[in-house]
Amino acid sequence: MKKKFNILIVLLLTHTIVSLANVIQAQSSDTIILRLQPSKDCTAQVQNALSHNTNKWLHIIIDGTFFLNQAVETKKDRTIIEFTPNSKFVFQNSQSSGITIKNNNCIVKNGKIQGNGTSSKSFYQGYGILIHGVDNCLISNMTFEKISGNNILLLQTKKGCNNNQIRNNTIINPVFDLGVNGDEAGILLGYSGYGYSHNNNIIENNFIDGGDVLKIGVGIIGHGKGNVFRGNNIQNLRNYGIISYESEFTDVNLSESIIDNNTIRNIGEVGRSKTPKGMGIYLMKSNNSLVSENKVYNTLRNSDQNETLSPGAISISASPNTIVRNNVVDGSFMYGITSDYSFNSKFINNIISNTRKSGAYFINMNNIIVKGNSFRNIGEVVLKGYFEDTSLQYIKDQMRIDTYKNIRTGNNFIISENSFYTDQNVLFFTGSDPDKSKKYKGNRIARNKFENNRIIGNNKRPLNEKIAFRIEDSGSNIVRNNEFLTN
142 MKKKFNILIV
152 LLLTHTIVSL
162 ANVIQAQSSD
172 TIILRLQPSK
182 DCTAQVQNAL
192 SHNTNKWLHI
202 IIDGTFFLNQ
212 AVETKKDRTI
222 IEFTPNSKFV
232 FQNSQSSGIT
242 IKNNNCIVKN
252 GKIQGNGTSS
262 KSFYQGYGIL
272 IHGVDNCLIS
282 NMTFEKISGN
292 NILLLQTKKG
302 CNNNQIRNNT
312 IINPVFDLGV
322 NGDEAGILLG
332 YSGYGYSHNN
342 NIIENNFIDG
352 GDVLKIGVGI
362 IGHGKGNVFR
372 GNNIQNLRNY
382 GIISYESEFT
392 DVNLSESIID
402 NNTIRNIGEV
412 GRSKTPKGMG
422 IYLMKSNNSL
432 VSENKVYNTL
442 RNSDQNETLS
452 PGAISISASP
462 NTIVRNNVVD
472 GSFMYGITSD
482 YSFNSKFINN
492 IISNTRKSGA
502 YFINMNNIIV
512 KGNSFRNIGE
522 VVLKGYFEDT
532 SLQYIKDQMR
542 IDTYKNIRTG
552 NNFIISENSF
562 YTDQNVLFFT
572 GSDPDKSKKY
582 KGNRIARNKF
592 ENNRIIGNNK
602 RPLNEKIAFR
612 IEDSGSNIVR
622 NNEFLTN
């Protein structure tokens with residue numbers, strides 16, 4: 142796609158421009174250019190330009206401030222909307238606003254979209270830009286301010302959105318608020334339904350300030366594969382900084398999300414409101430994903446502390462084969478990293494500090510590597526684990542992948558080469574006792590290794606009292622070759 146854009150720019154530089162009142166038109170063998178200046182009816186003017194009938198590239202240049210009273214939409218593939226410096230669209234209707242991209246290979250760049258400062262009443266209205274089941278589009282260097290709905294929304298039609306790029310945009314002063322429940326977002330791929338997949342979209346280098354109004358910074362709630370969320374600067378959100386969430390209970394239709402090199406801060410509710418949410422990064426049924434090189438600060442604000450969700454600054458839930466590496470977590474009202482039902486995952490070289498509860502909390506998982514991490518200023522036991530047999534009915538009701546049903550958990554954790562700066566206990570992993578009332582046979586943990594770690598602190602109790610495996614297969618869990626250092 143990059144080659145196409147570069148060739149187009151060269152062609153545009155060669156055009157001859159002819160003035161036609163508020164529309165300036167030019168053409169070459171490859172492109173029609175329409176340069177618009179504001180008229181009495183800007184909405185009709187812009188929509189007429191977008192409806193221009195040509196088989197060539199259609200390049201619309203927006204020059205000035207355009208007040209529009211309803212949404213406008215593309216009508217053809219290969220449409221470019223480019224703004225001159227300081228030019229913008231101002232939408233005056235909170236329910237019908239924004240640009241809808243209904244065609245492939247479209248570009249919107251270098252301008253500003255402003256809403257009327259009043260929240261839409263519907264998730265599907267009031268957006269800044271809607272990319273609607275199309276491919277190979279680019280939204281870049283745009284500013285979104287006071288948008289009534291989702292700022293940039295990618296939705297399916299009969300198919301998903303593929304190979305689109307959302308890059309270098311700024312989202313500020315949002316007003317979209319549907320109340321306690323809702324997924325109001327800066328940039329979101331979604332939503333519910335079957336039979337579609339959003340694939341290989343790139344959400345990169347955007348700045349999103351949710352203003353403690355929006356719920357989500359960026360992410361996907363739906364089905365997809367290979368979507369990338371990279372280099373974004375995200376702050377002041379009520380629910381999540383970045384989310385990758387399978388919206389239907391299939392467990393297999395969201396995979397290979399890449400969440401890389403983002404900076405996320407100030408996530409959770411404010412004022413008197415409490416929430417079970419507030420995660421900086423939240424994966425739910427997002428298989429084979431990568432969470433890497435992110436910096437996550439001040440999360441789980443105003444947590445209700447009931448742990449109905451997995452309350453970590455980075456939370457990996459029901460997402461097998463995920464890699465979490467080289468991240469920084471600084472400041473969590475609950476846990477640093479939480480992970481449940483994410484079998485065969487790796488947690489490597491993360492730096493976790495200033496958590497009110499444990500640095501990492503693992504629930505009902507097997508075959509996990511916890512290696513090379515650093516934990517400092519942790520409020521409770523640094524590593525905590527609770528493990529059940531997945532034959533429990535409440536677990537089977539949530540899980541669709543047969544591979545992980547009816548098995549023991551809390552097995553084959555390799556915890557090595559970590560640094561624990563703490564005066565607290567270092568590890569507490571426990572299985573679960575039998576329960577005849579539930580016809581539950583219990584779960585004993587086994588074959589875990591805690592080795593070659595460094596513990597730096599002032600607690601003088603013996604090391605074997607700091608490392609606890611409970612309800613275990615006796616003698617199967619190994620603690621060896623660890624070093625204890627005093628401050």
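Numbering of the sequence shown is given in this note's numbering, commencing with residue 142 and proceeding in unit increments. Yeah, the Cβ is synthetic: ideal placement off N, Cα and C, and Gly gets one too.
Inset, instruction - Taking only the alpha-carbon atoms, compute the straight-line gap between N303 and D218 and give it to the nearest angstrom. - result: Numbered from 1 along the sequence shown, position 162 holds the residue referred to as residue 303. Numbered from 1 along the sequence shown, position 77 holds the residue referred to as residue 218. Going by the C-alpha atoms only, they are around 15 Å apart.
Inset, instruction - Just the C-alpha distance for N593 and K607, rounded to the nearest angstrom, thanks. - result: As a working mapping, residue 593 is identified with position 452 in the sequence shown. As a working mapping, residue 607 is identified with position 466 in the sequence shown. When rounded, the distance between both Cα atoms is 15 Å.
Legend entry - Rounded separation between S388 and P452 - CA only: Stepping through the sequence shown from its first residue, residue 388 is reached at position 247. Stepping through the sequence shown from its first residue, residue 452 is reached at position 311. Each residue's alpha carbon lies about 19 Å from the other.
Legend entry - Three-state class that DSSP yields for L319 in the structure shown: Counting from 1 along the sequence shown, the entry for residue 319 is found at position 178. DSSP places L319 in coil when its eight states are reduced to three.
Legend entry - First and last residue of the uninterrupted beta strand (DSSP E) at A501: Locating residue 501 in the sequence shown gives position 360, where the first residue counts as 1. First-last of the beta strand (DSSP E) with A501: 501-504.
Inset, instruction - Keeping to the same chain, check which residues put their C-beta closer than 6 Å to that of L295; ignore five residues upstream and five downstream. - result: The residue labelled residue 295 in the question sits at position 154 within the sequence shown. Within the same chain, L295 has close Cβ partners I272, C302, L330.
Inset, instruction - Use the C-beta contact count for G616: other C-beta atoms within 10 angstroms, 16 or more gives buried, fewer gives exposed. - result: Indexing the sequence shown from 1 puts residue 616 at position 475. Looking at its Cβ environment, which holds fewer than 16 other Cβ atoms inside 10 Å, G616 is exposed.
Inset, instruction - From the DSSP output, in three-state form, read off E604 for me. - result: Here residue 604 refers to the residue found at position 463 of the sequence shown. For clarity, residue 604 is Leu in the given sequence; the question names Glu instead. Helix, per DSSP.
Legend entry - Same chain, Cβ closer than 6 Å to E529, five either side skipped, listed in chain order: Counting from one through the sequence shown, the residue named residue 529 turns up at place 388. Result list for E529: N505, S573, N584, in chain order.
Legend entry - Straight-line gap, S289 to S260 (C-alpha atoms, nearest Å): Residue 289 sits at position 148 when you count from the first residue of the sequence shown. Residue 260 sits at position 119 when you count from the first residue of the sequence shown. Roughly 4 Å between the two C-alpha positions.
Inset, instruction - Taking A454 as part of the alpha helix (DSSP H), name the residues at either end of that continuous run. - result: Within the sequence shown, residue 454 is the residue found at index 313, counting from 1. Unbroken run through A454 is the beta strand (DSSP E), 453-458; no alpha helix (DSSP H).
Inset, instruction - Please name the residue, chosen from N194, C278, T571, that lies closest to I293 on a Cα-to-Cα basis. - result: Residue 293 sits at position 152 when you count from the first residue of the sequence shown. If we check each option's Cα against that of I293, C278 comes out closest.
Legend entry - Beta-carbon contacts of R549 that lie in its chain and below 6 Å, excluding the five residues immediately before and after: Translated into positions along the sequence shown, residue 549 becomes position 408. Contacts found: D530, N584.
Inset, instruction - Evaluate R308 with the Cβ neighbour count: other Cβ atoms within 10 Å of its Cβ, from every protein chain shown; 16 or more gives buried, anything less gives exposed. - result: Within the sequence shown, the letter at position 167 stands for residue 308. R308 is buried by the Cβ-count criterion.
Inset, instruction - Output yes or no for whether 8 Å exceeds the beta carbon distance between M425 and T440. - result: Along the sequence shown, read from residue 1 onward, the residue named residue 425 stands at position 284. Along the sequence shown, read from residue 1 onward, the residue named residue 440 stands at position 299. The answer is no: Cβ separation not under 8 Å.
Legend entry - Coarse secondary structure for I542, derived from DSSP in three states: Taking the sequence shown and counting its residues from 1, the one referred to as residue 542 is at position 401. In this structure, I542 counts as coil in the three-state DSSP scheme.
Legend entry - Boundaries (first-last residue) of the alpha helix (DSSP H) holding N189: Indexing the sequence shown from 1 puts residue 189 at position 48. Here the alpha helix (DSSP H) through N189 covers 183-191.
Inset, instruction - Alpha carbon to alpha carbon, how far is L209 from G520? Give it in angstroms, no decimals. - result: Locating residue 520 in the sequence shown gives position 379, counting from the first residue. Locating residue 209 in the sequence shown gives position 68, counting from the first residue. C-alpha separation (whole angstroms): 53 Å.
Inset, instruction - Please report the Cβ distance between G365 and S338, rounded to the nearest whole angstrom; I am assuming they are in contact, meaning their Cβ atoms lie under 8 Å. - result: Here residue 365 corresponds to residue number 224 of the sequence shown, with the count starting at 1. Here residue 338 corresponds to residue number 197 of the sequence shown, with the count starting at 1. Confirmed, Cβ separation roughly 5 Å.
Inset, instruction - Flag this pair as touching only if the region 563-582 and the region 487-498 have three or more C-beta atom pairs under 8 Å; answer yes or no. - result: no
Inset, instruction - Enumerate in chain order the residues of its own chain whose CB-to-CB distance from I619 is below 6 Å, with the five nearest sequence positions on each side excluded. - result: Position 478 of the sequence shown, counting from 1, holds the residue named residue 619. Counting only Cβ-Cβ distances below 6 Å, and skipping sequence neighbours, we find K590.
Inset, instruction - Mark A162 as exposed unless 16 or more other C-beta atoms lie within 10 angstroms of its C-beta, in which case mark it buried. - result: Reading the sequence shown from its first residue, position 21 is the one you call residue 162. Its pLDDT being 39, under 50, A162 is placed unreliably by the model, and the measurement read from it follows with that caveat. Classification of A162: exposed, given that the 10 Å Cβ count is below 16.
Inset, instruction - State the beta-bridge partners of Y527 as determined by DSSP. - result: Counting from one through the sequence shown, the residue named residue 527 turns up at place 386. According to DSSP, which records beta bridges pairwise, Y527 is partnered with I504, T571.
Inset, instruction - Assign N411 to one of two classes, buried (16 or more other C-beta atoms within 10 Å of its C-beta) or exposed (fewer than that). - result: In the sequence shown, residue 411 corresponds to position 270, counting from 1. Sequence inspection shows Val at residue 411; the Asn mentioned does not correspond to that position. It counts as exposed.
Legend entry - For K418 and L101, believed in contact at Cβ under 8 Å, the rounded distance: This structure leaves residue 101 out entirely; the chain is present only between 142 and 628.
Inset, instruction - Leaving aside the five residues before and after Q565 along the sequence, list all residues of the same chain whose C-beta is less than 7 Å from its C-beta, in chain order. - result: If you number the sequence shown from 1, residue 565 lands on position 424. Here the set comprises I519, E521, V522, V523.
Inset, instruction - Return the CA-CA distance between T284 and G551, expressed in angstroms with no decimal places. - result: Numbered from 1 along the sequence shown, position 143 holds the residue referred to as residue 284. Numbered from 1 along the sequence shown, position 410 holds the residue referred to as residue 551. Using only the alpha carbons, I get a separation of about 48 Å.
Legend entry - Exposure label - T298; buried when at least 16 CB within 10 Å: For this step, residue 298 is matched to residue 157 along the sequence shown. T298 should be labelled exposed.
Legend entry - Whether I408 touches N373 by CB criterion (8 Å): As a working mapping, residue 408 is identified with position 267 in the sequence shown. As a working mapping, residue 373 is identified with position 232 in the sequence shown. The answer is no: Cβ separation not under 8 Å.
Inset, instruction - Look at the Cβ atom of F370, then the Cβ atom of G363, and state whether they are nearer than 8 Å. - result: Here residue 370 is taken as the residue at index 229 of the sequence shown, counted from 1. Here residue 363 is taken as the residue at index 222 of the sequence shown, counted from 1. In this structure, G363 does not lie closer than 8 Å to F370 by Cβ.
Inset, instruction - Look at the alpha carbon of N377 and the alpha carbon of V354, and state the distance between them as a whole number of angstroms. - result: Looking up residue 377 in the sequence shown gives position 236. Looking up residue 354 in the sequence shown gives position 213. Rounded to whole angstroms, N377 to V354 spans 8 Å at the Cα level.
Legend entry - Sequence-distant residues of its chain with Cβ nearer than 8 Å to K415 (five each side left out): Position 274 of the sequence shown, counted from the first residue, corresponds to residue 415. Once the five neighbours on either side are set aside, the close Cβ partners of K415 are N443, S444, D445.
Legend entry - Nearest-angstrom Cβ-Cβ length linking S433 and S458, presumed shorter than 8 Å: Counting from 1 along the sequence shown, the entry for residue 433 is found at position 292. Counting from 1 along the sequence shown, the entry for residue 458 is found at position 317. Contact doesn't hold; Cβ gap of about 18 Å is too wide.
Legend entry - R371 - partner residues in DSSP beta bridges: Reading the sequence shown from its first residue, position 230 is the one you call residue 371. In DSSP, R371 forms a bridge with E345, D401.
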